[in-house]
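Here the structure comes first, spelled out in C-alpha cells, and everything after it is commentary.
Numbering (the working numbering), first residue to last: -6 to 144.
So this is what it looks like as C-alpha cells:
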C-alpha cells in the first residue's frame, strides 16, 4: 500500500474491547484472591510466597491471552481489505474478493473469497448491536465503489 492510499474505513469491536478488559479484571481478581487465601490457615501444606506469586503470574498469563481480544480489526481502502483477527492479519485485494456476507446464525461477518472460501471478520460482530448495521453498510458502499464487476 502506498502512502497516498489511506484507509477509508477502520473498524474494531467495542464489545470485544470491553469484554477483554472485564476478563482481565475478573481473572486478576480471582488469582489475587487465591494467592491470599492459599496462605490462610494450616492445611498441613507449606505455602511460600513464591507459590503466592505463582498464582498472580498465572493470572497475568491468562490476562495476556484475554487481551488478544483487542486485536480484531478491519481496514478498507481502494486497494483492498485488511482483516486481522486474534491470531493473524491478512490483506486481500479487491480482485479476489467476492463480497461481504453475514449468515443469519453467524456471530460475525465473513469476507467471501474464490472457491467458496471465506475469512471471518471478528471486528464486525452481532454484539455491537447499535453499530453493526452502519458498519456493514459503510463496508458495502466501499465494496460497490472498488470491487471489480464480473463479466
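We put the beta carbon where it would ideally sit given N, CA and C, even for glycine.
Reference residue i; option with closest CA among the options
i          : options             : result
residue 9  : 68, 133 and 116     : 116
residue 6  : 129, 0, 118 and 139 : 118
residue 95 : 113, 63 and 27      : 113
residue 83 : 65, 97 and 38       : 65
Residue environment, residue i, which counts as buried when at least 16 other CB atoms sit within 10 Å
i           : result
residue 132 : buried
residue -3  : Its pLDDT being 48, under 50, residue -3 is placed unreliably by the model, and the measurement read from it follows with that caveat. It is exposed - the Cβ of residue -3 has fewer than 16 other Cβ atoms within 10 Å.
residue 138 : exposed
residue 90  : buried
For residue j and residue i, the rounded distance between their alpha carbons
i          : j          : result
residue 75 : residue 48 : 38 Å
Cβ-heavy atom distance, residue i to the ligand NAP, below 6 Å
i           : result
residue 102 : Of ligands this structure carries none, so the ligand NAP is not represented either.
Simplified DSSP assignment, three categories, for residue i
i           : result
residue 85  : strand
residue 136 : helix
residue 64  : coil
residue 48  : helix
Give a yes or no on contact between the region 45 to 63 and the region 17 to 30, applying the rule of three or more CB pairs nearer than 8 Å. yes
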